[in-house]
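full-length UniProt numbering numbers the first residue of the sequence shown as 1 and each following residue consecutively.
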Amino acid sequence: YSNQPAATNAEEGVEVQSEESEIPVDTVETVADLVPGWFSCPVVWETNFNLHPRLKTGPSKPGLSRGIQALRTVLNRFSVNNRKNMFVYQDHSGNVFYLRLYENVKTINKTLEGEENSLGSVSRSSSINSLNTSVKKADDTSSSIVSAVSRELRPRVKSFGEVGDTARQEEYLTLKVHGISEAGPEVKCELVQVLHNRLDDAVLEVLSLMLARNPMCKLSPEDVHFIQKPQRLPETT
1 YSNQPAATNA EEGVEVQSEE SEIPVDTVET VADLVPGWFS CPVVWETNFN
51 LHPRLKTGPS KPGLSRGIQA LRTVLNRFSV NNRKNMFVYQ DHSGNVFYLR
101 LYENVKTINK TLEGEENSLG SVSRSSSINS LNTSVKKADD TSSSIVSAVS
151 RELRPRVKSF GEVGDTARQE EYLTLKVHGI SEAGPEVKCE LVQVLHNRLD
201 DAVLEVLSLM LARNPMCKLS PEDVHFIQKP QRLPETT
């Protein structure tokens, strides 16, 4: 290939152009004048993912939560190499969207009455004891006396008519979708369902590992509700 400037072939009357094409000067100047974010896209849709306590960061675990790490294992195939926390997704219609994940914390004030008398409240016990526990009525005087004494020694809690406020923090993830067209069902339904399934798999992995190491580990109410959804019949017994 020749790097010589353009020349004219006198015999054929054809102008020979240089093999290397150059970017016009005005184009370079225009790109240089653009400020960062010139081609930014607005948020066209967003959704939240509530985190199971097993996937939260926790005060003694700095860094990203297990939840956002689990979702990134799905979204990494769409990641933009030269941008942090940015993923690109194209639907079947050719619309291109940029996705970003954020971790958030919100404080919820709940009454003790609402927590203790909630429809889906469960007791906290070990995983083995919860399977073998049966309710038995005391039929002798000595057991009644022992139970009465034990009740007196317990710390006082709010009675049914009393209302007490307690604040707790809930972590959740937000998926923001940027684009120039409205997000369709491929993003709102299919992609979101895949991400929900990944979070469920992450919780199941944590619980399985915990019970494999120690079958006597106590399951929290959130664990029980995850295994057996409230107001739903078990699939197998």
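For each residue, glycine too, the CB sits at the ideal point set by N, CA and C.
Exposed unless 16 or more other CB atoms sit within 10 angstroms - verdict on residue i
i	result
F39	exposed
I68	buried
G179	buried
A202	buried
A212	exposed
L51	buried
L64	exposed
R66	buried
L191	buried
L195	buried
Sub-7 Å separation of residue i and residue j beta-carbons
i	j	result
V224	E171	no
K176	V74	no
T174	Y102	yes
Closest residue to residue i among the options (Cα-Cα distance)
i	options	result
L71	L209, L199, E205, N214	L199
Y98	C41, R168, C189	C41
Q90	E182, T174, K218	E182
T107	I227, K229, R168	R168
L207	S220, N197, L195	S220
E222	L55, L34, V35	L55
E186	P215, V96, P36, F226	V96
F226	F49, L204, M216	L204
H92	F49, G184, Q228, D33	G184
F49	Q193, L34, F78, Q228	Q193
Tell me, please, whether the region 83-91 touches the region 227-234 by the rule of three or more beta-carbon pairs shorter than 8 Å.
-> no
Could you pull out every unbroken beta strand (DSSP E) segment of at least 3 residues lying fully inside the region 74-98, listed in chain order?
-> 87-90
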